[in-house]
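If you read the sequence shown in UniProt numbering, its first letter stands for residue 1, the second for the next number, and so on.
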Amino acid sequence: MSKEVVIGLIQASHDVHGDEPVEVHKEKAIIKHMALIDEAVAKGAQIICLQEIFYGPYFCAEQTVKWYEAAEPIPDGPTTQRFQEVARKNNVVIVLPIYEKAAEGVYYNTAAVIDADGTYLGKYRKKHIPHVAAGEGGTGFWEKYYFKPGNEDYPVFDTKYAKVGVYICYDRHFPEGARLLGLNGAEIVFNPSATVAGTSEYLWKLEQPAHAVANGFYVAAINRVGFEAPWNMGEFYGQSYLVNPRGEFVAMGSRDKDEVIIGIMDRNVIHNVRDQWQFYRDRRPETYVNLSAQL
Numbered sequence: 001m002s003k004e005v006v007i008g009l010i011q012a013s014h015d016v017h018g019d020e021p022v023e024v025h026k027e028k029a030i031i032k033h034m035a036l037i038d039e040a041v042a043k044g045a046q047i048i049c050l051q052e053i054f055y056g057p058y059f060c061a062e063q064t065v066k067w068y069e070a071a072e073p074i075p076d077g078p079t080t081q082r083f084q085e086v087a088r089k090n091n092v093v094i095v096l097p098i099y100e101k102a103a104e105g106v107y108y109n110t111a112a113v114i115d116a117d118g119t120y121l122g123k124y125r126k127k128h129i130p131h132v133a134a135g136e137g138g139t140g141f142w143e144k145y146y147f148k149p150g151n152e153d154y155p156v157f158d159t160k161y162a163k164v165g166v167y168i169c170y171d172r173h174f175p176e177g178a179r180l181l182g183l184n185g186a187e188i189v190f191n192p193s194a195t196v197a198g199t200s201e202y203l204w205k206l207e208q209p210a211h212a213v214a215n216g217f218y219v220a221a222i223n224r225v226g227f228e229a230p231w232n233m234g235e236f237y238g239q240s241y242l243v244n245p246r247g248e249f250v251a252m253g254s255r256d257k258d259e260v261i262i263g264i265m266d267r268n269v270i271h272n273v274r275d276q277w278q279f280y281r282d283r284r285p286e287t288y289v290n291l292s293a294q295l
């Protein structure tokens with residue numbers, strides 16, 4: 001297995017007005033992201049990650065049953081199957097964040113992981129679900145209306161190119177899961193997000209580099225760009241990036257452009273950092289037993 005892996009992160013604006021039917025949102029966004037995946041492949045990407053619920057707007061700005069129609073089964077839904085073919089055709093691993101329908105009335109914010117031969121490897125369901133006001137007019141991150149929190153473990157997927165973990169957006173504020181992904185063997189953790197300028201922006205380049213340093217892995221953070229009508233809850237500020245286990249930014253996207261960000265994950269850096277900082281050796285899990293009991 002090569003020491004270096006080419007990582008492709010895709011950030012994009014969503015150009016369809018929120019009043020349009022769900023089907024219009026999905027198809028136009030999928031077509032747009034197909035072209036961006038082609039660009040990433042042309043630039044040599046071996047693992048590609050899209051942004052949180054990539055095939056629509058950030059509809060959690062409002063609370064309406066319309067958006068339940070966007071949810072699909074995983075892996076048997078049409079979007080997962082469509083991107084399995086894309087992965088197979090291009091020999092790339094794809095981290096595919098979509099809205100999952102697990103059963104009637106049971107929905108998750110999920111990312112499917114597809115290997116380079118098109119094999120569906122599994123999924124990660126977002127664990128931490130925000131429900132807070134964000135702006136004027138009743139807009140907010142009303143995610144509890146749409147998503148049940150995932151209750152499974154923190155899986156690491158052994159893909160063709162790397163051992164991949166997934167965290168989704170708000171999860172990034174919680175270090176416990178990041179640690180478990182490291183303990184489970186992740187070399188790189190992808191965090192597809194939808195976050196706007198304001199309170200959380202100063203944390204964007206702080207928390208996830210800290211996760212990377214504390215756990216000796218790479219973190220790939222992906223955020224969408226632009227404003228989304230009719231809510232206009234704020235500017236999705238992009239700046240998707242790849243950060244290494246030293247906390248150094250390997251690649252960084254712009255604030256306001258549709259863009260494919262390319263960076264290199266180097267296993268030598270992981271090896272050297274873990275040899276230098278023996279955080280896994282020096283952990284004291286026997287002293288942390290009360291952590292999960294603090295309800």
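Glycine included, C-beta positions come from ideal geometry on N, C-alpha and C.
The beta strand (DSSP E) runs of length 3 or more contained entirely in the stretch 156-236 are, from start to end of the chain, 156-158, 163-166, 188-193, 218-223. The C-alpha of E62 is placed about 17 angstroms away from the C-alpha of K148. One thing to note: A111 has its Cβ within 9 angstroms of the Cβ of I168. Boundaries of the alpha helix (DSSP H) around E85: 78-90. Contact annotation: the stretch 8-16 touches the stretch 261-276, with at least three C-beta pairs closer than 8 angstroms. One thing to note: V93 has its Cβ no nearer than 9 angstroms to the Cβ of Q51.
Separation of the CB atoms of P209 and G18 is rounded to 33 angstroms, and the pair is thereby denied contact status at 8 angstroms. About 6 angstroms separates the beta carbons of I98 and E72, which is inside the 8 angstroms limit, making them a contact pair.
Contact annotation, G226 with D256: C-beta distance approximately 7 angstroms; criterion of less than 8 angstroms satisfied.
Nearest neighbour of F83 by Cα position, chosen from I37, W142, R125, P130, turns out to be I37.
Per DSSP, the continuous beta strand (DSSP E) segment holding D266 begins and ends at 259-266. Within the same chain, and ignoring the five residues on either side of H25 in sequence, the residues whose Cβ sits closer than 6 angstroms to its Cβ are V16, G56. Residue state for M252 is assigned as strand, using DSSP reduced to three classes.
Take the alpha-carbon of G150 and the one of Y124: they are about 8 angstroms apart. The C-alpha of T119 lies about 8 angstroms from the C-alpha of R88.
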